[in-house]
Every structure is written in C-alpha cells, then in structure tokens.
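Enquirer: The structure under discussion is supplied below as structure tokens; questions concerning it will follow.
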Amino acid sequence: IRTVRLILGDQLNIRHPWFAQVDDSVLYLMAELHQEARYVRHHWQKLLGFLLAMRQFADTLRAAGHRLHYVRIGDAASQLPLPEVLRQILTEHGAARFEYQQPDEYRLDQQLLLFSQSLPQPGEACDSAHFYTRRDELAACFPGDTPLLMERFYRRMRRTHGILLDGAAPLGGRWNFDHDNRKKYKGTPPVPPALSFARDVSALLAEITTAGVSGFGQIDATAFPWPANRDEALAQLAYFCQHLLPHFGEYQDALHSEQAFLFHSRLSFALNLKLISPAEVINAAVAQFQQQPAQISLAQIEGFVRQILGWREYVRGVYWKAMPEYGQLNQLDNHHPLPQMFWTGHTRMRCLHLALTQSLRHAYAHHIQRLMVIGNFALLSQRHPDAVDAWYLGVYIDAIEWVELPNTRGMSQYADGGLLASKPYVSSGSYINKMSNYCAGCAYQVKARTGHDACPFNSLYWRFLDDKKAHFAGNPRMAMMLKLLADLPADELSAIRARAGEIMADPDRF
Ligand code: FAD
Ligand code: SF4
Numbered sequence: 005i006r007t008v009r010l011i012l013g014d015q016l017n018i019r020h021p022w023f024a025q026v027d028d029s030v031l032y033l034m035a036e037l038h039q040e041a042r043y044v045r046h047h048w049q050k051l052l053g054f055l056l057a058m059r060q061f062a063d064t065l066r067a068a069g070h071r072l073h074y075v076r077i078g079d080a081a082s083q084l085p086l087p088e089v090l091r092q093i094l095t096e097h098g099a100a101r102f103e104y105q106q107p108d109e110y111r112l113d114q115q116l117l118l119f120s121q122s123l124p125q126p127g128e129a130c131d132s133a134h135f136y137t138r139r140d141e142l143a144a145c146f147p148g149d150t151p152l153l154m155e156r157f158y159r160r161m162r163r164t165h166g167i168l169l170d171g172a173a174p175l176g177g178r179w180n181f182d183h184d185n186r187k188k189y190k191g192t193p194p195v196p197p198a199l200s201f202a203r204d205v206s207a208l209l210a211e212i213t214t215a216g217v218s219g220f221g222q223i224d225a226t227a228f229p230w231p232a233n234r235d236e237a238l239a240q241l242a243y244f245c246q247h248l249l250p251h252f253g254e255y256q257d258a259l260h261s262e263q264a265f266l267f268h269s270r271l272s273f274a275l276n277l278k279l280i281s282p283a284e285v286i287n288a289a290v291a292q293f294q295q296q297p298a299q300i301s302l303a304q305i306e307g308f309v310r311q312i313l314g315w316r317e318y319v320r321g322v323y324w325k326a327m328p329e330y331g332q333l334n335q336l337d338n339h340h341p342l343p344q345m346f347w348t349g350h351t352r353m354r355c356l357h358l359a360l361t362q363s364l365r366h367a368y369a370h371h372i373q374r375l376m377v378i379g380n381f382a383l384l385s386q387r388h389p390d391a392v393d394a395w396y397l398g399v400y401i402d403a404i405e406w407v408e409l410p411n412t413r414g415m416s417q418y419a420d421g422g423l424l425a426s427k428p429y430v431s432s433g434s435y436i437n438k439m440s441n442y443c444a445g446c447a448y449q450v451k452a453r454t455g456h457d458a459c460p461f462n463s464l465y466w467r468f469l470d471d472k473k474a475h476f477a478g479n480p481r482m483a484m485m486l487k488l489l490a491d492l493p494a495d496e497l498s499a500i501r502a503r504a505g506e507i508m509a510d511p512d513r514f
C-alpha cells in the first residue's frame, strides 16, 4: 500500500474522482468513531442513518474492487481519536502518503490539518467534489465589510451556472417568487404520502447500544425511513420531482398539524452525506419543470432552486468565512438554558408541542417549524445560543455543523448580530396563526397579550423587543416595530413584561 485515503461519514460520494479507477496501491479508510458519535448528543435516527449509509457505501466500494479498511463502532479502534486511527493504519500498511477530502466541519478540518502536518510527508487534501462553490468563494464575492446579501449571491449563482435564465435575464422576468410562495395549507391539494425505505435496522441499533453509544428521540428500528444509499437517494429525488414539486413553492412556508412533511423534499440527509449532489438535484427538478410546465409553475421551481443553489451554498460560505469565532457568538446576550420540553415535547403551546414532538419522532422538521416555531420561541424566551445549537445539531437527521450553525446561531438566533439575517426572525403568535392551523386547537388565545390564557409568544415578543432595543436602534428594518413598542402604554408594557418574565423563568409550566 502506497497511499491511505480517508473517507468521512459525510463524504459518501461515489462519483468523486478518487473512485474513477481501482488502484491496488490505495487503501481507503472508513471508521465509525466514538469521537463522532459523542461530540454532541445525537438523535437515534441520526446515529443509525450515518452508520447505515457508511456501511452501504463500504459495500459499494468493495463491490467495485477498491481496497478498504473499515472500523466498526464495536471495534476497539473506534474508541480512538481519528489521528490515532490514521497513524495506526499508516504504520500497519507502511504507507507513505495520506490523502483526504476537505472536511466540511471546522472541527475535523483542524484535526486533520494538524495530523497531516505531523507526518514526515504532509498529507494532501482535495476537494470533496460536491458543492457548486469552493469554501472561500462567498468571501471572495463579498470582500471586506460588504454585507453578505444572500439575494445577491443567489442571482450571481443563477447567472454563473445558467439556471432558470432567459438569455442573461431571469426566466419569467423575476429572480424572486417569495411573494407567491406564502400560502397557508388548508387541507387541499392532498399531500402525497412520505416515501419511506422502511429498512430493518434492529441489528445495527443493538451494535450501537452494545458499544455504549446512546441517542435520544424515537426510532422504529423495523422501519428506518431515510435513504441510505445512492439508489435510494435518487428514488427520493424522483419521488419529489414527480409528486411534491408541483406544490413545493406555494406551501414552503406553511405549517399544518396533520402534515409533518407537507411538500418538502426530505432530501437534506442524502444531500449532506453527499449520496447525491446539489447539481443532480437541481438538474432533475429543472428537467421536470421543463417537461411539465402545465403542472409545475415557475414559482414552484424557483422556490426550490433558491433553497439549494442559494441558501445551502450561501450558509456554507458564511460558515467558512466566519469560523471559528462564529461558533461562540452571542451578540444578544441570551443566557437561559433550554427547557425540558425540548426533550419531551410536553407543553400546552400547541405549535411548539407539534414541532417538538415531530422533531423527536422523525428527526425532522421543515424550515418554518425550525425557524418560526422552535427557533422563534428559543430566541424570544432568550435561551443561550450554545444550548440551542447543541439541540439543533443533535436532533435533526441532516444536522452537520457547517449547515446547522449558520442557520441556528445566525439566521434563527441572531447571535451573530445580523451577519446573516438583516433582522431577527421573531414574531408574535399572529404569524404562526397566519401560516398554520395550530392556534385553532390551542389552549392559548392567539390574540391576547396578557392574562393567564394569552398566547405566550405575544408577551415574549414585546418583552424581547423591549429588552434588546439597544441592539436594534440603528436597524432600519426594525424601526417600525420599535415605534410600535414605544407607543405601547406604560401599564400595558409593564403587564406584558411581567407575563413574559414568568414564561422565561420556567417555560415548562406553560
Ligand atoms: P426542502 O424544504 O425540501 O428544501 C430542499 C433543500 O434545500 C434541503 O434539502 C436543503 O438541502 C436545502 N435548504 C433549504 N433551506 C436551507 C437552508 N436554510 N440552509 C441550507 N440548506 C437549505 N438544514 C440542514 O441541512 N441541516 C441542518 O442542520 C439545518 N439546521 C437548520 C436549523 C435552523 C434553525 C433552520 C431555520 C434551518 C436549518 N436547516 C438545516 C435548513 C432547512 O430547515 C433544512 O435544510 C430543511 O428543512 C431540510 O428538509 P428538506 O430536505 O425537506 O428541505
Ligand atoms: Fe402557538 Fe400561541 Fe398559536 Fe398556541 S396560540 S399555537 S402558543 S402561536
């Protein structure tokens, strides 16, 4: 063996140039490590999903004739830190060269950089051949202190990659269909059933627990639903394009008590493990749109392309521009711990109860549940961003730090002081009422601000603005809200503050 090449658990990209030909002098290494299973407390489905997909990928590599060393979670070596595992393998096989794909996480990037530099012949990192952009491309797009405007980045991406264009102009004459894409879902059109791969993972679950690793949340080990290999990921993509894309955009911000997934693609797990690439997803969706213009309007496809070509690449760029400081930011000085309901789902606030229980049950919530229900409550009730981050990083099947952190600490908690979002994503109960059917069956009155049955989001909202107004003083996008706050009669504000204070002190009582 001349070269050892490391494949991380989120680098399951069989179309990477590495695998184009079989080379007997190369040994691939994959390892199910305790360091990865324990850096945060993960949902059971996330633990199972990663290990299952890694094993399936290992089978694919072996079947193609590649040489592979695979460390299982129950093997002694899995307890070692990654550099130790690498050192052992290099020594055991007398390999002089070490190669790896650039990790997407800062933590692993640093670990591998240090390890590489410690070798007599330094290791070599190559691109992971997955994203549209390089890590540093966003920073180059916005030099110096230029505001990191997602819309500008997105338009540039559309032009650069020739997606949904009419010559140099956007197809249909507009770059942005957000305005058309804010419908409330009222029970029609029917939502197609969620595609599930229903795999029995009981044996793997037993292996994980025997190895002493534990998770949280729910799992039906006889019917693991998520795609775990490339064929399944492609099947999930085809299902989305055929059945869900026709209504994706218009209901992308909707919330509904009976619909955990609505018209969302559930592709984030397959994408983040690199089972499929963003270009494959976008090309398939755009092809479907071109074939079925009568069924799929421009607003639907633009809404979808924006998420992947825009947001996904953009948050990755923000992550690499702003790390490692980004992970410590707490610009709004929030310090409360997370309430128990994040682990149990127990609360009388119906919106939160539904979004939290769904997250614990499916290891999934869609964007608006993450942002405007759970994240909104965490920010309004002034929870510490470290605690919020740890929860988001653990609970969702698709949570990997490069995408979780900017979304949570930045977009949702405004802990970066507005680097990513030009104003905090906060709302009172009225937004949730507008976008969902949650409030109709809730114990609280969505229109009331004070009193024992007033919607907690309302008093929390005004208290948050009042507590943090100094942070927003120069922000034109907050001016109207601050004016409304200033116009509140003093006795009303005082009653609102008192009610919010009770909720903040012990949210689990509500
Ligand atoms: P769809 O609604 O079908 O969207 C299609 C794809 O677009 C997604 O699969 C995803 O790859 C991409 N996408 C959409 N929005 C974003 C976004 N804001 N940032 C990056 N990619 C996006 N996404 C993750 O992949 N991992 C996370 O850990 C994560 N944490 C989040 C935390 C918070 C607080 C918020 C508000 C959002 C987070 N997101 C995260 C983004 C988004 O919520 C998920 O990508 C999406 O819900 C995944 O479900 P889906 O595949 O059905 O998405
Ligand atoms: Fe949530 Fe308030 Fe609506 Fe109840 S009334 S579901 S707490 S927004």
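Residue numbers for the sequence shown follow UniProt numbering, so the first one is 5 and each next one is one higher.
Heads up, the beta-carbon is just placed ideally off N, CA and C, and yes, glycines get one too.
Closer than 8 Å by C-beta to S261: which residues in its own chain qualify, once you throw out the five before and the five after it? Chain order, please.
Expert: Translated into the one-based positions of the sequence shown, residue 261 becomes position 257. Closer than 8 Å at Cβ, skipping near neighbours: R354, L358, S440, N441, Y442, G445.
Enquirer: If you run the structure through DSSP and keep just helix, strand and coil, what is Y189?
Expert: As a working mapping, residue 189 is identified with position 185 in the sequence shown. Here Y189 sits in coil by DSSP.
Enquirer: What do you reckon, are the CB atoms on I280 and R234 nearer than 8 Å?
Expert: Walking along the sequence shown from the start, residue 280 turns up at place 276. Walking along the sequence shown from the start, residue 234 turns up at place 230. Going by C-beta atoms, I280 is nearer than 8 Å to R234.
Enquirer: How about G398 and H47: are their beta carbons less than 8 Å apart?
Expert: Reading the sequence shown from its first residue, position 394 is the one you call residue 398. Reading the sequence shown from its first residue, position 43 is the one you call residue 47. Going by C-beta atoms, G398 is nearer than 8 Å to H47.
Enquirer: State buried or exposed for Q373, treating a residue as buried only when at least 16 other CB atoms are found within 10 Å of its CB.
Expert: Locating residue 373 in the sequence shown gives position 369, where the first residue counts as 1. Buried: at least 16 other Cβ atoms inside 10 Å.
Enquirer: CB of F468 to nearest heavy atom of the ligand FAD: below 7 Å?
Expert: As a position in the sequence shown, residue 468 is number 464, starting the count at 1. Outside the cutoff, so no.
Enquirer: Is T412 close to the ligand FAD? I mean its beta-carbon at under 7 Å from any heavy atom of the ligand.
Expert: Start at 1 with the first residue of the sequence shown, and residue 412 comes out as number 408. With a cut-off of 7 Å, the C-beta of T412 is classified as near the ligand FAD, since at least one heavy atom of the ligand falls inside that distance.
Enquirer: Is there at least one non-hydrogen atom of the ligand SF4 closer than 7 Å to the beta-carbon of M439?
Expert: Locating residue 439 in the sequence shown gives position 435, counting from the first residue. Incorrect: M439 has no Cβ contact closer than 7 Å to the ligand SF4.
Enquirer: Output yes if chain B places a C-beta closer than 8 Å to the C-beta of G379; else output no.
Expert: Absent from the structure is chain B; it holds one protein chain and no more.
Enquirer: Report yes if the CB atom of F468 is closer than 8 Å to the CB atom of Q386, and no otherwise.
Expert: In the sequence shown, the residue the question calls residue 468 occupies position 464. In the sequence shown, the residue the question calls residue 386 occupies position 382. A contact, by the Cβ cut-off of 8 Å.
Enquirer: Are the CB atoms of Q114 and A367 nearer to each other than 8 Å?
Expert: Here the question's residue 114 lines up with position 110 in the sequence shown. Here the question's residue 367 lines up with position 363 in the sequence shown. No, the pair does not count as a contact, with Cβ atoms beyond the cut-off.
Enquirer: Nearest to G331 by CA position, among L271, N411, F273, is which residue?
Expert: What you label residue 331 is simply residue 327 of the sequence shown in a count that begins at 1. Nearest C-alpha to G331: N411.
Enquirer: For V89 and H73, what's the separation of their Cα atoms in angstroms?
Expert: In the sequence shown, the residue the question calls residue 89 occupies position 85. In the sequence shown, the residue the question calls residue 73 occupies position 69. Cα to Cα, the separation comes out at about 11 Å.
Enquirer: Going by the C-beta, is Y330 closer than 7 Å to any heavy atom of the ligand FAD?
Expert: Residue 330 sits at position 326 when you count from the first residue of the sequence shown. Checking every heavy atom of the ligand FAD against the Cβ of Y330, none is found closer than 7 Å.
Enquirer: The beta strand (DSSP E) with R138 in it runs from where to where?
Expert: On the sequence shown, residue 138 is found 134 positions in, with the first residue counted as 1. Segment: none, R138 is in no beta strand (DSSP E) and carries neither H nor E.
Enquirer: Using the beta-carbon count (16 or more within 10 Å), is G505 buried or exposed?
Expert: The count along the sequence shown starts at 1 and reaches residue 505 at position 501. Looking at its Cβ environment, which holds fewer than 16 other Cβ atoms inside 10 Å, G505 is exposed.
Enquirer: Comparing alpha-carbon positions, which option in F201, L118, L52 lies nearest G221?
Expert: On the sequence shown, residue 221 is found 217 positions in, with the first residue counted as 1. Minimum Cα distance to G221 is reached at L52.
Enquirer: Does the separation of the CB atoms of R310 and Y158 fall below 8 Å?
Expert: Translated into positions along the sequence shown, residue 310 becomes position 306. Translated into positions along the sequence shown, residue 158 becomes position 154. The answer is yes: Cβ separation under 8 Å.
Enquirer: Is P460 near the ligand SF4, going by C-beta to nearest heavy atom under 7 Å?
Expert: Against the sequence shown, residue 460 aligns to sequence position 456. At least one heavy atom of the ligand SF4 falls within 7 Å of the beta-carbon of P460.
Enquirer: Between H251, S29, F135, which has its C-alpha nearest G98's C-alpha?
Expert: Against the sequence shown, residue 98 aligns to sequence position 94. Of H251, S29, F135, the residue nearest in Cα terms is S29.
Enquirer: Mind checking who P174 pairs with in its DSSP beta bridge?
Expert: For the purposes of this step, residue 174 is taken as residue 170 along the sequence shown, with counting starting at 1. DSSP lists L169 as partners of P174.
Enquirer: Does the distance from the CB of L123 to the CB of F102 come in under 8 Å?
Expert: For the purposes of this step, residue 123 is taken as the residue at position 119 of the sequence shown. For the purposes of this step, residue 102 is taken as the residue at position 98 of the sequence shown. For L123 and F102, yes; Cβs fall inside 8 Å.
Enquirer: Could you round the C-beta distance between D419 and L333 to whole angstroms and report it? I think they count as a contact, below 8 Å.
Expert: Against the sequence shown, residue 419 aligns to sequence position 415. Against the sequence shown, residue 333 aligns to sequence position 329. Per the sequence presented here, residue 419 reads as Ala, with Asp not at that position. So it is a contact: roughly 5 Å between Cβ atoms.
Enquirer: Quick check: the Cα distance between L486 and P193, rounded to an integer number of angstroms?
Expert: The residue you call residue 486 lines up with position 482 of the sequence shown. The residue you call residue 193 lines up with position 189 of the sequence shown. Roughly 39 Å between the two C-alpha positions.
Enquirer: For D495, count neighbouring Cβ atoms within 10 angstroms of its own Cβ and tell me buried if that reaches 16, exposed if not.
Expert: The sequence position of residue 495 within the sequence shown is 491, counting from 1. Per the 10 Å Cβ criterion, exposed.
Enquirer: Which stretch, first to last residue, makes up the beta strand (DSSP E) that contains L33?
Expert: The residue given as residue 33 occupies position 29 in the sequence shown. It spans 30 to 35 - the beta strand (DSSP E) in which L33 sits, taken as one unbroken run.
Enquirer: Compare the C-alpha of A143 against each of K325, I507, G414, E405 and name the closest.
Expert: Taking the first residue of the sequence shown as 1, we reach residue 143 at position 139. Measuring from the Cα of A143, the nearest candidate turns out to be K325.
Enquirer: Classify residue 521 as buried or exposed, calling it buried when 16 or more other Cβ atoms lie within 10 Å of its own Cβ.
Expert: Nothing can be reported for residue 521: it is not among the residues displayed for the chain, which extend from 5 to 514.
Enquirer: Counting only the same chain and skipping the five closest in sequence on each side, list residues whose C-beta sits under 8 Å from that of G421.
Expert: Here residue 421 is taken as the residue at index 417 of the sequence shown, counted from 1. Result list for G421: L333, Q335, L336, H475, in chain order.
Enquirer: Quick one: which unbroken alpha helix (DSSP H) runs of 4-plus residues sit fully inside the segment 305 to 370? Chain order, please.
Expert: 317 to 326, 345 to 348, 354 to 366
Enquirer: Please check the pair L384 and F461, which I expect to be a contact at CB under 8 Å, by giving their CB distance rounded to whole angstroms.
Expert: Taking the sequence shown and counting its residues from 1, the one referred to as residue 384 is at position 380. Taking the sequence shown and counting its residues from 1, the one referred to as residue 461 is at position 457. Between F461 and L384 the Cβ distance is about 7 Å, and since that is below 8 Å, they are a contact.
Enquirer: Would you check whether the ligand SF4 has a heavy atom nearer than 7 Å to the C-beta of V450?
Expert: Position 446 of the sequence shown, counted from the first residue, corresponds to residue 450. Indeed, a heavy atom of the ligand SF4 lies less than 7 Å from the Cβ.
Enquirer: What residues are listed by DSSP as bridge partners for L10?
Expert: Here residue 10 refers to the residue found at position 6 of the sequence shown. L33, Y104.
Enquirer: Can you tell me whether F201 is helix, strand or coil according to DSSP?
Expert: Mapped onto the sequence shown, residue 201 falls at position 197. In this structure, DSSP gives F201 a state outside helix and strand, which the three-state scheme calls coil.
Enquirer: Which residue marks the beginning of the alpha helix (DSSP H) containing E128, and which one marks its end?
Expert: Start at 1 with the first residue of the sequence shown, and residue 128 comes out as number 124. Per DSSP, E128 belongs to no alpha helix (DSSP H); it is in the beta strand (DSSP E), 128 to 130.
Enquirer: Run the CB neighbour count on A264, radius 10 Å, all protein chains shown included, and call it buried at 16 or more, exposed below.
Expert: For this step, residue 264 is matched to residue 260 along the sequence shown. It is buried - the Cβ of A264 has at least 16 other Cβ atoms within 10 Å.
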